[in-house]
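The opening residue of the sequence shown carries number 41 in my numbering; numbering runs sequentially from there. Notes for the one structure printed next.
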Amino acid sequence: MILPGATLGMLGGGQLGRMFTVAARTMGYRVMVIDPDAASPAGRIADEHLQAGYEDAAALDRLARECAAVTTEFENVPATTLEVLARRCVVRPGSRAVAITQDRIHEKTFLRDHGFATAPFAVVRSSADLEDAFAELGGPAILKVARFGYDGKGQAVVRNLREAQAAWNAMKHEPCVLEKRVPLDTEVSVVLARGIDNEFALYPVCENTHAHGILDVTVAPARLSAKCVREVQTQARRIAARLEYVGVLAVEFFVSRGRLLVNEIAPRPHNSGHYTIDACITSQFEQQVRALCGLPLGDTRLLTPVAMVNLLGDLWSGGTPRWERILQHPRAKLHLYGKHEPRPGRKMGHYTCLAASAARARAEALALRRGLARKAGRR
Numbered sequence: 041m042i043l044p045g046a047t048l049g050m051l052g053g054g055q056l057g058r059m060f061t062v063a064a065r066t067m068g069y070r071v072m073v074i075d076p077d078a079a080s081p082a083g084r085i086a087d088e089h090l091q092a093g094y095e096d097a098a099a100l101d102r103l104a105r106e107c108a109a110v111t112t113e114f115e116n117v118p119a120t121t122l123e124v125l126a127r128r129c130v131v132r133p134g135s136r137a138v139a140i141t142q143d144r145i146h147e148k149t150f151l152r153d154h155g156f157a158t159a160p161f162a163v164v165r166s167s168a169d170l171e172d173a174f175a176e177l178g179g180p181a182i183l184k185v186a187r188f189g190y191d192g193k194g195q196a197v198v199r200n201l202r203e204a205q206a207a208w209n210a211m212k213h214e215p216c217v218l219e220k221r222v223p224l225d226t227e228v229s230v231v232l233a234r235g236i237d238n239e240f241a242l243y244p245v246c247e248n249t250h251a252h253g254i255l256d257v258t259v260a261p262a263r264l265s266a267k268c269v270r271e272v273q274t275q276a277r278r279i280a281a282r283l284e285y286v287g288v289l290a291v292e293f294f295v296s297r298g299r300l301l302v303n304e305i306a307p308r309p310h311n312s313g314h315y316t317i318d319a320c321i322t323s324q325f326e327q328q329v330r331a332l333c334g335l336p337l338g339d340t341r342l343l344t345p346v347a348m349v350n351l352l353g354d355l356w357s358g359g360t361p362r363w364e365r366i367l368q369h370p371r372a373k374l375h376l377y378g379k380h381e382p383r384p385g386r387k388m389g390h391y392t393c394l395a396a397s398a399a400r401a402r403a404e405a406l407a408l409r410r411g412l413a414r415k416a417g418r419r
């Protein structure tokens, strides 16, 4: 076990790295962050911020020398970087799992080859592939870049081959996945942890609503049958085991006409798991520290139903939002990420609302959102 007093390394300095840093420092660890951004949210509160790229040899050498263990806050860290670090210190999750999940082609193929149901898809690497894929799947479908797409970026809904070709041109002929749109009953996700001893700890399955490709509202527990919840948990465990994963992992699912389809795997804490900070015995970020350090995993029990609402940069269009609306509520918790430049679609923070039921939590959370934004010209 790696105990408090040790230094932990974090590749990535966004809000997930920031919340990991809060948890780690609360538990008595030092944190060193690598991120090229001088205003990195995690770097600003870490013990040390190395302002460097993720393949910078000098920065990686220092990380390996001074850190007992290293983890990541996002999946697009080069897998080769993890391989280099793993020769000299503990790295969790491993490079194989990250390499699979950072590329949609690898991820979808991994899921299909291991018997997990997904929406129908085809790989697109050429114009001929695109024509064949659309002939096979038809429209409407979603064209998604294989790498570096997130929060609705790098994807387009296409209804016919002409639209698919235009979208692929706009994506500069990057390798893509064409995915058939399926009818949705709901979207759910589950965050889990797997330890070095193959122990699992699963958080409650939560229900997600998206807007413009970005997570908008999460509610826990999800309004699913007990049978469906068990199936979500079983599939998520199997995925983590197949990946030989150690750390915190999130799996997103579509529920389509009662059938469960795996949508995406995130090899890290997840936006839909932020509710765990306020509503669970152990947050997903404390759990990330525990898994990284080889500690026993924490209790994931939900203490109260909860709803979480994302705060995007659009909310700042008329000035600083009216935070008093949230802060005056006795069961609401505000979390801001320390980002100075609000932009449309940028995740600036979130808030949770705790209540006696999931439905009540969601209703109160949405009521709080009304009136948060100021009208342009007013302060």
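Ideal placement from N, C-alpha and C gives every residue a C-beta, glycine not left out. If you're wondering where the values come from, they're calculated on a predicted model, not measured in any experiment.
Cβ neighbour criterion (16 or more within 10 Å) applied to residue i
| i | result |
| --- | --- |
| R419 | Any reading at R419 is ruled out, since the residue's pLDDT is 48, under 50, leaving its predicted position unreliable. |
| P244 | buried |
| I140 | buried |
| A407 | exposed |
| F60 | buried |
| S323 | buried |
| N350 | buried |
| R341 | exposed |
| P223 | exposed |
| T120 | exposed |
| T421 | Given a span of 41 to 419 for the chain in the structure shown, any question on residue 421 remains unanswerable. |
| P148 | Position check: residue 148 holds Lys in this sequence, whereas Pro was assumed. By the neighbour-count rule (16 or more Cβ atoms within 10 Å), K148 is buried. |
| R263 | exposed |
| S80 | buried |
| R396 | The identity of residue 396 in the sequence shown is Ala, whereas the question assumes Arg. Result: exposed. |
| M41 | exposed |
| P307 | buried |
| A331 | buried |
| A276 | buried |
| H89 | buried |
| I279 | buried |
| F188 | exposed |
| A43 | Reading the sequence as shown, one finds Leu at residue 43 and not Ala. Exposed, since its Cβ has fewer than 16 Cβ neighbours within 10 Å. |
| L343 | exposed |
| E95 | exposed |
| L183 | buried |
| A97 | exposed |
| I317 | buried |
| E176 | exposed |
| G45 | exposed |
| L100 | buried |
| R270 | exposed |
| R299 | exposed |
| R410 | exposed |
Cut-off 8 Å between Cβ atoms - residues of its own chain near residue i, not counting five sequence neighbours on either side
| i | result |
| --- | --- |
| R282 | F150, H154 |
| R414 | G358, G359, T360, P361, R362 |
| E284 | G134, R136, A137 |
| A78 | Q91 |
| V329 | L48, F60, A63, A64, M67, Y69, L335 |
Cβ shell of residue i (< 6 Å), same chain only, five flanking positions each side left out
| i | result |
| --- | --- |
| M348 | T258, H314, Y315, H390, T392 |
| A159 | E219, K220, V222, L301 |
| Q142 | E115, N116 |
| A401 | P345, V346, A347, C393, A395 |
| E106 | T47 |
| A173 | A162, V164, L218 |
| A196 | L183, A207 |
Cutoff 7 Å; reference residue i; Cβ partners in own chain excluding five residues on either side
| i | result |
| --- | --- |
| G353 | P382, R383, P384, G385, R386, M388 |
| S229 | C246, N248, A290, V291, E292, F293, H310, S312 |
| L412 | L355, P361, R362, R365 |
| G93 | P76 |
| R128 | A104 |
Inter-residue CB distance, residue i and residue j (contact presumed, cutoff 8 Å)
| i | j | result |
| --- | --- | --- |
| V346 | A399 | That pair is no contact at about 12 Å. |
| G194 | F114 | Actually they do not touch by this definition, with Cβ atoms about 14 Å apart. |
| A86 | V110 | Going by Cβ atoms, the distance from A86 to V110 rounds to 13 Å, so no, they are not a contact pair. |
| P215 | I145 | 6 Å |
| V286 | R65 | Not confirmed; about 22 Å, so no contact. |
| L125 | A108 | Not confirmed; about 12 Å, so no contact. |
| A63 | V73 | Contact doesn't hold; Cβ gap of about 14 Å is too wide. |
| P180 | R199 | 5 Å |
| L201 | E227 | Incorrect: roughly 27 Å between the Cβ atoms, too far for contact. |
Do the segment 235-243 and the segment 360-378 touch if we need at least three Cβ pairs shorter than 8 Å?
-> no
Just list the alpha helix (DSSP H) runs in the segment 300-381, keeping only unbroken ones of 4 residues or longer that don't cross its boundaries, in chain order.
-> 316-319, 324-332, 364-367
Hey, which unbroken runs of the alpha helix (DSSP H) at 4 residues or more fall wholly within the segment 85-150?
-> 97-106, 119-126, 135-141
Would you mind listing the beta strand (DSSP E) stretches within the segment 190-252 that are 3+ residues and don't spill past its ends, in chain order?
-> 195-198, 216-220, 226-234, 240-242, 246-251
Inside the segment 256-280 only - alpha helix (DSSP H) runs reaching at least 4 residues | none
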